[in-house]
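The opening residue of the sequence shown carries number 11 in the numbering used here; numbering runs sequentially from there. Worksheet: the structure to be examined is printed underneath.
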Amino acid sequence: MVGRKRTVERRKNKRYKAVEGAYAAISPNSQKLGQIIDISMGGLSFKYIDTSGEAKQDASVNEEAVFLSSMGSYVGDLPFKTVADYEVTNAPSFSSMKVRKRHLSFTDLTFKQLFDLDYYLRNNVTEQVEKLPDQYRS
């Protein structure tokens, strides 16, 4: 690991690798839909195909909520803020389509949204989810 900097983990919540078939979609009118890479009670990251065909625009335009789905599970209308959104360039591609990766942080979740998100995590990750952190209990 010569030349690599060690970074300090700043996340409050442990991230879990999502199961195959877990998807996130930004709405309304965004056309950003992709497979979830990892997810926590604080946020998620997912890859999507860039269909804009033009230079990247302001990420917050017409994007109000994220929706999560997988086989038998659905959580909707989760408010978020975008932490990062960038083009993935390390994978060889035989297509002109650009793949992007977006990192989201959930904001102002209601108790019901927290409960639904916790249920989604417990059923859609590849490892066992830890007990719900005290900061989310009422």
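Here a beta-carbon is modelled for each residue, glycine too, at the ideal position from N, C-alpha and C.
Check	Outcome
Starting from R112, follow the beta strand (DSSP E) in both directions and report where the run begins and ends.	K108 to F116
Roughly how many whole angstroms lie between the Cα atoms of Y33 and L78?	6 Å
Taking the CB atoms as reference points, tell me whether S50 and F90 lie closer together than 8 Å.	no
Would N134 pass as a contact of S80 if the rule is Cβ separation under 8 Å?	yes
In the structure shown, what three-state DSSP assignment does Q123 receive?	helix
In whole angstroms, what is the alpha-carbon distance linking S40 and E137?	31 Å
Beta strand (DSSP E) containing V93: first to last residue?	S83 to E97
Taking the C-alpha atoms as reference points, what is the distance between R110 and G52?	21 Å
For E73, which option in Q123, I46, R25 and K42 has the closest C-alpha, if you only look at C-alpha atoms?	K42
Short of 7 Å in beta carbon distance, which residues of its chain neighbour G86, apart from the five on each side in sequence? Order them along the chain.	F77
Starting from the C-beta of S70, find all residues in its chain whose C-beta is less than 6 Å away, skip the five residues before and the five after it, and write them out in chain order.	Note that S70 scores a pLDDT of 48, beneath 50, so its modelled location is shaky and nothing firm can be said.
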